[in-house]
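A short write-up of the structure that comes next.
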Amino acid sequence: MEPQAQQNLSQAASAENEAHLLEEAGRSWKKENRRIIGLIIGVAAFMLVAHETPLKAWITNIQAWKQYIREAGWLAHLGFGAACASAVMLGVPRLPLCAAAGLLFGFAEGLLLSLAGTLTGSYGAFVFARLSGRTAVQRRADALPWLKPLLARPSLMRVFWVRQLMLPGVLLNVMLGVSDVGHRVFILGTALGYLPLNAAFSLVGSGLGKGGVAQTLVQMCAAAAVMNIAGWAIWRRMKNK
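All residue numbers for the sequence shown refer to my numbering, where the first residue is 5 and numbers rise by one.
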């Protein structure tokens, strides 16, 4: 086959895999959006009931825990960040950790802590896979033939889109670890890819830690807005591809 024909076939295959990735990312976002909307409705209903029942004591206890954390200062932040990083590296889903960060530290600090912790844990798994896990991961990658070619020449945007897929984070970390992606591209792509859902779940957690129903509802609406704006941005990117 002539070199030009081979190049055309390679470009066509790359475009097909890119389109598949974008399609899977969009589908994942729709599913995740429905899950988060359901979670928001559930949390809002719980808080409305809690403020009118003996469950209000639970809210008071949360406020007391938050006061202890404020008194602990940077040690609490460091301890939570280290625990979060270790959990993510071992395969614990990151989103409940983001909600816990928002609950204990508030939205702004919780988002920063969850992003730092989950990114550190993901990078730890990435480095471990690069050093020791290539054979096992290659067998797992064979079960996702459409994803494997994308990781052969990963770019910043590809890492970002891969992070939108409803696949276990630890699987993506180790698959990227055995790919040719550079450390800087992995860190930046993962940070950008994590940001939308980390923000949404930190908002949900922060809403649970509020003392008033109105504040909780505002936080829940903000979380829904973050998810839908991010979803719209992904849809537009896919449409213009």
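For glycine and all other residues, C-beta sits at the position ideal for the given N, C-alpha and C.
Model, not experiment: these values are computed from the prediction.
Cut-off 6 Å between Cβ atoms - residues of its own chain near residue 181, not counting five sequence neighbours on either side = 130, 133 and 134
ask   = What is the rounded straight-line gap between the Cα of residue 6 and the Cα of residue 100?
value = The predicted model places residue 6 with a pLDDT of 49, which falls under 50 and marks its position as unreliable; any figure quoted below should be read in that light. Going from the Cα of residue 6 to the Cα of residue 100 covers about 53 Å.
query = For the candidate residues 222, 201, 185 and 210, whose alpha-carbon lies nearest to that of residue 67?
reply = 210
message = Using a Cβ-Cβ cutoff of less than 6 Å, which residues in the same chain neighbour residue 233 once the five nearest sequence positions on both sides are dropped?
response = none
request  = Put residue 79 into one of helix, strand or coil per three-state DSSP.
outcome  = helix
request  = Would you identify the three-state DSSP class for residue 188, choosing helix, strand or coil?
outcome  = Three-state result, residue 188: helix.
query = Given residue 189, which residues of its chain have a CB within under 8 Å of its CB, disregarding the five upstream and five downstream residues?
reply = For residue 189, where only same-chain residues beyond five positions count, the Cβ hits under 8 Å are 158, 159, 160 and 163.
task = Mark residue 118 as exposed unless 16 or more other C-beta atoms lie within 10 angstroms of its C-beta, in which case mark it buried.
result = buried
key: Coarse secondary structure for residue 39, derived from DSSP in three states   = helix
task = Go through its chain and collect everything with a Cβ distance to residue 106's Cβ below 6 Å, but skip five positions before and after it.
result = 114, 206, 209 and 210
request  = Within its chain, find whatever has a CB closer than 6 Å to the CB of residue 102; leave out the 5 residues flanking it on each side and keep chain order.
outcome  = 118, 202, 205 and 206
ask   = If residue 42 sits next to residue 88, beta carbons under 8 Å apart, how far is it from one beta carbon to the other, in whole angstroms?
value = Going by Cβ atoms, the distance from residue 42 to residue 88 rounds to 24 Å, so no, they are not a contact pair.
task = Within its chain, find whatever has a CB closer than 7 Å to the CB of residue 229; leave out the 5 residues flanking it on each side and keep chain order.
result = none
query = Are residue 123 and residue 195 close, meaning C-beta to C-beta below 8 Å?
reply = yes
task = Measure the CB-CB distance between residue 94 and residue 69 and report whether it falls below 8 Å.
result = Not closer than 8 Å, so no.
Collapsed DSSP secondary structure at residue 66 in the structure displayed = Of the three classes helix, strand and coil, the one that applies to residue 66 here is helix, per DSSP.
query = Taking the C-alpha atoms as reference points, what is the distance between residue 49 and residue 110?
reply = 20 Å
query = What are the boundary residues of the alpha helix (DSSP H) that includes residue 126?
reply = 111-136
key: Buried/exposed call for residue 46, threshold 16 Cβ in 10 Å   = exposed
ask   = Do residue 191 and residue 127 have their CB atoms nearer than 8 Å?
value = yes
request  = Keeping to the same chain, check which residues put their C-beta closer than 7 Å to that of residue 81; ignore five residues upstream and five downstream.
outcome  = 117
query = Which of helix, strand or coil does DSSP assign to residue 95?
reply = coil
inquiry  = Can you look up residue 166 in the DSSP assignment and give me helix, strand or coil?
reply    = helix
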